[in-house]
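Worksheet for the structure shown next.
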Amino acid sequence: MLPPCYHEPVTSAKKQTQVRLEENTLEAGKAAARARGLDFNKYVERLIIEDTTGARAAGMAAAQRLIDEHGSFLDDLDQQLDAPYASSQPDVAA
Numbered sequence: 121m122l123p124p125c126y127h128e129p130v131t132s133a134k135k136q137t138q139v140r141l142e143e144n145t146l147e148a149g150k151a152a153a154r155a156r157g158l159d160f161n162k163y164v165e166r167l168i169i170e171d172t173t174g175a176r177a178a179g180m181a182a183a184q185r186l187i188d189e190h191g192s193f194l195d196d197l198d199q200q201l202d203a204p205y206a207s208s209q210p211d212v213a214a
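Positions 121 to 214 (the numbering used here) are the ones given, in order, by the sequence shown.
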């Protein structure tokens, strides 16, 4: 079952609030919202819902299981995909 933030919005009375953010934090949030096709208010609302319903934690746990179970395969695949480009790039100090 999907968390509430992924269902169609239910018409309800919304409360207005004010949040003070550093300018770079605000701009990063607005950019993240645009990248997801959301307005800033909906983006913030989803972040709060995901954080407070456990949806974010469940997603992070699933991602960790994927890495734990298939990490070596993903590492090998990454190396194979990067191999053709490694020889054409000059040595760069890390």
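Beta carbons are placed, not taken as given, at the ideal position from N, Cα and C, and that holds for glycine.
Proximity test, residue i beta-carbon vs the ligand GTP heavy atom, cut-off 7 Å
i    : result
E189 : Among the components modelled here there is no ligand, and therefore nothing to report on the ligand GTP.
Residue nearest to residue i in terms of C-alpha spacing, selected from the options
i   : options          : result
Q91 : E147, S132, V164 : As shown, the chain starts at 121 and ends at 214. That puts residue 91 outside it, with no answer to give.
Cβ-Cβ separation, residue j to residue i (assumed contact under 8 Å), whole Å
i    : j    : result
D159 : A153 : 6 Å
Sequence-distant residues of its chain with Cβ nearer than 7 Å to residue i (five each side left out)
i    : result
Y205 : none
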